[in-house]
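Colleague:
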Amino acid sequence: MRFNPDEIKEWAGKDFDAAWTEGKQFIKRSGLNEQYPHLSLRYGKPHPIYETISRLRESYMRMGFDEMMNPLIVDEKEVHKQFGHEALAVLDRCFYLAGLPRPNVGISDERIGSIRSILGDINDEAIETIRKIFHAYKKGEVEGDDLVPEISAAINVSDSLIVEMIDQVFPEFKELVPQSSRKTLRSHMTSGWFISLSSLAERANPPFHLFSIDRCFRREQDEDAARLMTYYSASCVIADEDVTIDHGKAVAQGLLSQFGFEKFMFRPDEKRSKYYSPDTQIEVFAYHPKLVGSKTKYSDGWVEVATFGIYSPTALAQYNIPYPVMNLGLGVERLAMILYNATDVRELAFPQIAQYAEWVMKDDELAKMIYVENLPETQQGKDIARSIVAVCEAHGSTPSPCEFPAWEGEISGKYVKVAVVEPESDTKLCGPAVFNEVVVFKNDILGVPDNKKWKEALENHSARTGVRFLDAFAAQAAWDIENAISSGESEVETRVRIVKVPSEINIRLEPIANYYITSNNKKIDIRGPIFTTVRAQIG
Numbered sequence: 004m005r006f007n008p009d010e011i012k013e014w015a016g017k018d019f020d021a022a023w024t025e026g027k028q029f030i031k032r033s034g035l036n037e038q039y040p041h042l043s044l045r046y047g048k049p050h051p052i053y054e055t056i057s058r059l060r061e062s063y064m065r066m067g068f069d070e071m072m073n074p075l076i077v078d079e080k081e082v083h084k085q086f087g088h089e090a091l092a093v094l095d096r097c098f099y100l101a102g103l104p105r106p107n108v109g110i111s112d113e114r115i116g117s118i119r120s121i122l123g124d125i126n127d128e129a130i131e132t133i134r135k136i137f138h139a140y141k142k143g144e145v146e147g148d149d150l151v152p153e154i155s156a157a158i159n160v161s162d163s164l165i166v167e168m169i170d171q172v173f174p175e176f177k178e179l180v181p182q183s184s185r186k187t188l189r190s191h192m193t194s195g196w197f198i199s200l201s202s203l204a205e206r207a208n209p210p211f212h213l214f215s216i217d218r219c220f221r222r223e224q225d226e227d228a229a230r231l232m233t234y235y236s237a238s239c240v241i242a243d244e245d246v247t248i249d250h251g252k253a254v255a256q257g258l259l260s261q262f263g264f265e266k267f268m269f270r271p272d273e274k275r276s277k278y279y280s281p282d283t284q285i286e287v288f289a290y291h292p293k294l295v296g297s298k299t300k301y302s303d304g305w306v307e308v309a310t311f312g313i314y315s316p317t318a319l320a321q322y323n324i325p326y327p328v329m330n331l332g333l334g335v336e337r338l339a340m341i342l343y344n345a346t347d348v349r350e351l352a353f354p355q356i357a358q359y360a361e362w363v364m365k366d367d368e369l370a371k372m373i374y375v376e377n378l379p380e381t382q383q384g385k386d387i388a389r390s391i392v393a394v395c396e397a398h399g400s401t402p403s404p405c406e407f408p409a410w411e412g413e414i415s416g417k418y419v420k421v422a423v424v425e426p427e428s429d430t431k432l433c434g435p436a437v438f439n440e441v442v443v444f445k446n447d448i449l450g451v452p453d454n455k456k457w458k459e460a461l462e463n464h465s466a467r468t469g470v471r472f473l474d475a476f477a478a479q480a481a482w483d484i485e486n487a488i489s490s491g492e493s494e495v496e497t498r499v500r501i502v503k504v505p506s507e508i509n510i511r512l513e514p515i516a517n518y519y520i521t522s523n524n525k526k527i528d529i530r531g532p533i534f535t536t537v538r539a540q541i542g
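Per this note's numbering, the sequence shown starts with residue 4, numbered consecutively.
1. With DSSP run on the structure shown, which of helix, strand or coil describes tyrosine 46?
2. Put leucine 333 into one of helix, strand or coil per three-state DSSP.
3. Check whether the Cβ atoms of glycine 195 and proline 40 lie closer than 8 Å to each other.
4. With DSSP run on the structure shown, which of helix, strand or coil describes glutamate 144?
5. Go ahead and pull the three-state DSSP assignment for tryptophan 362.
6. Note down, in chain order, each residue of its chain lying with its Cβ closer than 6 Å to the Cβ of isoleucine 501, except the 5 sequence neighbours on either side.
7. Can you name the start and end residues of the beta strand (DSSP E) that glutamate 307 belongs to?
8. Quick one: grab the DSSP three-state call for histidine 41.
9. Per the contact definition of three or more C-beta pairs closer than 8 Å, is the stretch 145-156 in contact with the stretch 164-177?
10. In whole angstroms, what separates the C-alpha of proline 271 from that of glutamine 284?
11. Glycine 257 CB to nearest chain D CB: under 8 Å?
12. Could you pull the start and end residues of the alpha helix (DSSP H) that threonine 233 belongs to?
13. Please report the residue range of the alpha helix (DSSP H) in which phenylalanine 86 lies.
14. Checking the sheet assignment: what are the DSSP bridge partners for proline 281?
15. Report the CB separation of glycine 450 from isoleucine 529 in whole angstroms; it is logged as a contact under 8 Å.
16. Starting from aspartate 528, follow its DSSP beta bridges and name the residues at the other end.
17. List the DSSP bridge partners of aspartate 217.
18. Which whole-angstrom value is the C-beta distance of leucine 351 and alanine 339, which I expect to be below 8 Å?
19. Taking the Cβ atom as the reference point for each residue, do alanine 477 and valine 424 lie within a distance shorter than 8 Å?
20. To the nearest angstrom, how far is it from the Cα of lysine 142 to the Cα of arginine 105?
21. Would you tell me roughly how many angstroms separate the C-alpha atoms of glutamate 81 and isoleucine 324, rounded to the nearest one?
22. Of all the options Cys433, Pro292, Pro281, Ala156, which has the alpha carbon lying nearest to the alpha carbon of threonine 132?
23. Report the residue ranges of all beta strand (DSSP E) runs contained in full by the stretch 172-205; include only those spanning at least 3 residues, in chain order.
24. Verify whether the separation of the beta carbon atoms of glutamate 440 and arginine 471 is less than 8 Å.
25. Comparing C-alpha positions only, which one of Ala475, Ile541, Asp447 sits nearest to glutamate 413?
26. Just verifying my parser: in three-state terms, what is the DSSP assignment at methionine 340?
27. What does DSSP give as the partner residue(s) for aspartate 69 in the beta ladder?
28. In the DSSP assignment, what are the bridge partners of leucine 512?
29. Bridge partners of valine 394, per DSSP?
30. With DSSP as the reference, label phenylalanine 472 as helix, strand or coil.
31. So, using beta-carbon positions, are alanine 242 and tyrosine 301 closer together than 8 Å?
32. Can you tell me whether asparagine 464 is buried or exposed, with buried defined as 16 or more other CB within 10 angstroms of its CB?
33. Kindly indicate the opening and closing residues of the alpha helix (DSSP H) around alanine 207.
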């Protein structure tokens with residue numbers, strides 16, 4: 004809270020101890036729903052795949068590679084040039100791009116009548132304008148997303164009516180069927196490298212050390228724990244007259260050692276793709292100590308992480324590239340699964356999608372979703388709640404019948420007296436559960452006392468709400484008093500006996516928390532004997 008430094012200095016000069024002691028009045032007191040852990044400093048969390056991409060980019064650049072963006076959309080003729088006799092097998096796994104054709108829209112007399120019934124009695128000139136715009140659309144002079152605003156502006160009719168006219172009068176727009184082009188989405192980063200290197204060869208001399216990390220698309224029959232239809236390829240090339248397969252081995256070790264891999268094995272790849280020269284296509288196996296004994300198929304520590312090879316002169320010649328090119332590629336998702344100990348790439352990539360990933364919430368996340376339902380709004384109401392708490396803390400064990408004044412003063416022109424009472428005999432002012440605190444422990448939401456039995460639960464302060472049954476009850480009582488004053492009542496009583504559910508003690512859970520608890524067979528155990536009463540006289 005803001006304060007006047009001059010006043011504080013004067014006060015401290017007269018009585019330093021009093022000024023220091025009372026200095027806490029300038030520190031704002033958090034409301035029950037504003038205190039830690041509800042108050043927290045958020046920080047962003049990177050996606051594991053994008054985090055892996057970021058690390059790969061840095062690793063490549065530390066090794067002296069320049070980053071490049073390769074073409075993503077590749078004409079099928081490029082695939083034939085690059086893959087030769089294998090092109091059909093490659094294209095079988097490619098996604099072809101399709102688009103909706105532009106219909107040749109005619110406007111008959113019958114349609115003119117329908118147009119006028121929707122747009123109003125527009126003249127022949129407006130009809131001719133619509134006809135011309137449709138013709139321009141057919142020729143590609145007007146884009147699809149500009150069609151409606153073009154007609155609307157030209158004939159001065161609202162967009163919504165133009166949309167209705169097209170929908171009702173021209174069904175050919177709804178009957179359009181996509182037509183495939185000869186363009187494909189890149190299935191291998193190699194498709195882009197040939198195109199890029201062909202242009203570079205015309206403008207500069209090797210050596211070239213280049214890398215690109217970007218999406219590729221592969222028309223798999225189905226996605227599973229190891230395959231997605233879209234994936235990231237971390238690919239590099241070294242183009243130089245003297246390049247050898249040893250460059251591939253050196254790059255593999257230099258790159259992967261930055262991720263904790265320690266030992267490497269290089270084996271000939273049985274696939275023998277025709278865009279690589281014979282006997283140069285090599286699989287890279289690497290050893291990572293964290294994988295040893297893991298619940299994955301890599302429990303021996305060894306995993307295939309990359310492939311490299313030297314492009315065939317027969318493929319390079321199609322692009323007038325006159326020197327050897329070493330290409331190494333690895334799947335980012337494969338590397339990320341190793342780094343994050345994941346067993347299902349779908350869960351790693353899409354943790355927010357229920358069908359792929361188990362829903363796991365931490366205790367501190369659940370604690371942030373627990374609130375006091377009704378809170379006093381006025382400053383006097385907040386003071387009443389604090390006074391009720393103070394009385395119960397000081398006299399909660401007093402034998403009954405008993406009564407203790409808690410607060411008196413004026414609220415909205417009414418004089419109010421508040422007391423904590425227990426009219427029945429042979430009991431106490433407060434029940435034994437009044438000081439229980441709401442905590443989250445092993446995903447259970449509990450109301451627990453401060454004793455050794457619950458030491459482990461209470462040690463985790465991030466999963467403690469800081470709200471005791473007493474705090475929530477006092478807030479409810481103060482809220483009831485404020486409402487009674489607004490309603491013109493002369494007295495009000497708030498009483499809690501044995502609590503069985505959170506709402507009985509003025510505790511609310513966010514629906515997400517409630518759904519998570521019930522979905523995971525966890526429990527909400529907020530109950531216990533409170534037996535506390537607050538009475539207020541309003542004059």
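Each residue gets a CB set at the ideal place from its N, CA and C atoms; glycine is no exception.
Modeller: In brief:
1. Here tyrosine 46 sits in coil by DSSP.
2. strand
3. No, Cβ-Cβ distance for glycine 195 and proline 40 is not below 8 Å.
4. Three-state result, glutamate 144: coil.
5. coil
6. Once the five neighbours on either side are set aside, the close Cβ partners of isoleucine 501 are Pro532.
7. Start and end: 305-313.
8. coil
9. yes
10. 6 Å
11. Of the protein chains in this structure there is only one, and it is not chain D.
12. It is not in any alpha helix (DSSP H) - threonine 233 instead sits in the beta strand (DSSP E) that spans 233-242.
13. 79-86
14. DSSP, once it has assigned bridges, lists no residue as partnering proline 281.
15. 4 Å
16. Leu449
17. Assignment of beta-bridge partners to aspartate 217 by DSSP yields Ser236.
18. 6 Å
19. no
20. Cα to Cα, lysine 142 sits roughly 8 Å from arginine 105.
21. 14 Å
22. Nearest C-alpha to threonine 132: Ala156.
23. Segments of the beta strand (DSSP E) lying fully in the stretch 172-205: 182-188.
24. The answer is yes: Cβ separation under 8 Å.
25. Ile541
26. Three-state result, methionine 340: helix.
27. Leu213
28. In DSSP, leucine 512 forms a bridge with Ile373.
29. Its beta-bridge partners do not exist; DSSP assigns none.
30. helix
31. No, these two residues do not count as a Cβ contact at 8 Å.
32. The sequence given here places histidine at residue 464; asparagine does not occur at that position. Answer is exposed; the Cβ neighbour count stays below 16.
33. Where alanine 207 is concerned, there is no enclosing alpha helix (DSSP H), because DSSP gives it neither an H nor an E.
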